[in-house]
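> If you read the sequence shown in my numbering, its first letter stands for residue 17, the second for the next number, and so on. Each residue gets a CB set at the ideal place from its N, CA and C atoms; glycine is no exception.
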Amino acid sequence: MIIDFLKDLIFNQQKMTDRGAIKLEFAAQIHGEACITAIREALPDADIDAKKGSVLIETTLPWLEVHKRIEATGRRAVLTGFGGHSAVAIIDHGNESTNVRGVVRFCTLSNDSTQKGAVVDGTIDGLVRNGRYQLNVHECGDISDGCNSVGDVYDSKPVSSDENGRATIRFVNDEIEVSDLIGRSVVIAESEGEKRRLSCGIIARSAGIFQNYKKICACDGVTIWDERDKSIAAGKEHTTEKSSL
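1) Please state the DSSP three-state secondary structure of residue 76.
2) Does DSSP classify residue 10 as helix, strand or coil?
3) With contact counted as at least three CB pairs below 8 Å, one residue from each stretch, are the stretch 195 to 210 and the stretch 114 to 125 in contact?
4) Mind checking residue 71: buried by the 16 CB within 10 Å criterion, or exposed?
5) Count the other CB atoms, across all protein chains shown, that sit within 10 Å of the CB of residue 109; report buried if there are 16 or more and exposed otherwise.
6) What do you get for residue 152, buried or exposed, if any count of 16 or more other CB atoms within 10 angstroms of its CB means buried?
7) Nearest to residue 59 by alpha carbon, out of 87, 48, 221?
8) Please confirm if the stretch 146 to 166 is in contact with the stretch 88 to 102, defined as three or more CB-CB distances below 8 Å between the two stretches.
9) Per DSSP, what kind of secondary structure is residue 117 in: helix, strand or coil?
10) What's the gap between the Cα of residue 145 and the Cα of residue 39?
11) Suppose you measure from the CA of residue 166 to the CA of residue 160; what does that come to, to the nearest Å?
12) In whole angstroms, what separates the C-alpha of residue 188 from that of residue 77?
13) From the DSSP output, in three-state form, read off residue 84 for me.
14) Taking DSSP's pairing of strands, which residues face residue 123 in a bridge?
15) Quick one: give me the first and last residue of the alpha helix (DSSP H) that residue 221 is part of.
16) Report, in whole angstroms, the separation of the C-beta atoms of residue 107 and residue 140, which I expect to be a contact under 8 Å.
17) Please state whether DSSP places residue 186 in a helix, a strand or coil.
18) Tell me the DSSP secondary structure of residue 96 in three-state form.
19) Looking only at its own chain, which residues have a Cβ that is under 7 Å from the Cβ of residue 221, when we skip the five neighbours before and after it?
20) Whose CA, out of 182, 171, 164, lies closest to the CA of residue 134?
21) Leaving out the 5 sequence neighbours to the left and right, which residues in its chain are closer than 8 Å to residue 185 when beta-carbon positions are compared?
22) What are the residues that DSSP puts in a beta bridge with residue 152?
23) Let me know if residue 50 comes out buried or exposed under the rule of 16 or more other beta-carbons within 10 Å of its beta-carbon.
24) Taking 6 Å as the cut-off, is the CB of residue 212 close to at least one heavy atom of the ligand NAP?
Here you go:
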């Protein structure tokens, strides 16, 4: 009886541990066995396909942490797939006076897109260091007047920034459905005082695992690697601007 109880306890703990795990897919520049070995040492559970240049892993780590581990091996990487049914918000509107910006992703906990519960994963930069904020989903995606025209709060969760002014987000929200988020908006707001809305973005559908094989953008001919480098450069310029204020 005791043994059965312990087995059930371990099984339930494992389910709780795995519950927030999602599959992440990265395009990576992989050349030869040395590259594969280096990535596997950084991510022992990863499925690496050198021919396709992809790294697939199921994890509870924030996607940014997985990205860092791949690039720490000296290989460039770009996130190309996030879970199954997923959505994303690029938070960069209504921030003219704050420069707060980031990305927040939502992924279902199961293959049923209508089932409640989602993993929320993202990064917000430009915040006051060691600050407390609210990550709000608002009822509509009307950003014609910046963050003032997005309607009432639909869902709200607290987040905190670190000593560098970055909020790394990774939690399970049992109250939301990914399918019900499309077209709404995400707002990062102060949690105290006037509770100002600092920055916002519209929630849109996002590519899941094995749904994005694009290497070159048809609109401008830019490769995913050029686009990655442009994003990094823009981030450095943003940091430089902040430090000069």
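Short version:
1) Coil at residue 76, not helix or strand.
2) Here the chain covers residues 17 to 261 and nothing more, so residue 10 does not appear.
3) Judged by Cβ distances under 8 Å, the stretch 195 to 210 makes contact with the stretch 114 to 125, as three or more pairs qualify.
4) So residue 71 counts as buried.
5) Taking all protein chains in view, the Cβ of residue 109 is crowded by 16 or more other Cβ atoms within 10 Å, so the residue is classified as buried.
6) Under this definition residue 152 is a buried residue.
7) Residue 87 is the option with its Cα nearest to residue 59.
8) At 8 Å Cβ cutoff, the stretches do not touch.
9) DSSP places residue 117 in strand when its eight states are reduced to three.
10) Roughly 31 Å between the two C-alpha positions.
11) Cα to Cα, the separation comes out at about 9 Å.
12) So the two alpha carbons sit approximately 12 Å from each other.
13) Helix.
14) DSSP lists 102, 135 as the bridge partner or partners of residue 123.
15) Annotation: residue 221 is outside any alpha helix (DSSP H); the continuous beta strand (DSSP E) that includes it extends over 213 to 222.
16) Rounded to whole angstroms, the Cβ separation of residue 107 and residue 140 is 7 Å, and the two are in contact under 8 Å.
17) In this structure, residue 186 counts as strand in the three-state DSSP scheme.
18) In the structure shown, residue 96 sits in a strand (DSSP, three-state: E or B).
19) Cβ within range, chain order: 103, 198.
20) That would be 171, whose Cα lies nearest to the Cα of residue 134.
21) Answer for residue 185: 78, 120, 136, 137, 138, 139, 140, 151, 175, listed in chain order.
22) Its beta-bridge partners are 172, 203.
23) Residue 50 counts as exposed, since fewer than 16 other C-beta atoms from the protein chains shown sit within 10 angstroms of its C-beta.
24) You won't find the ligand NAP in this model; it holds no ligand whatsoever.
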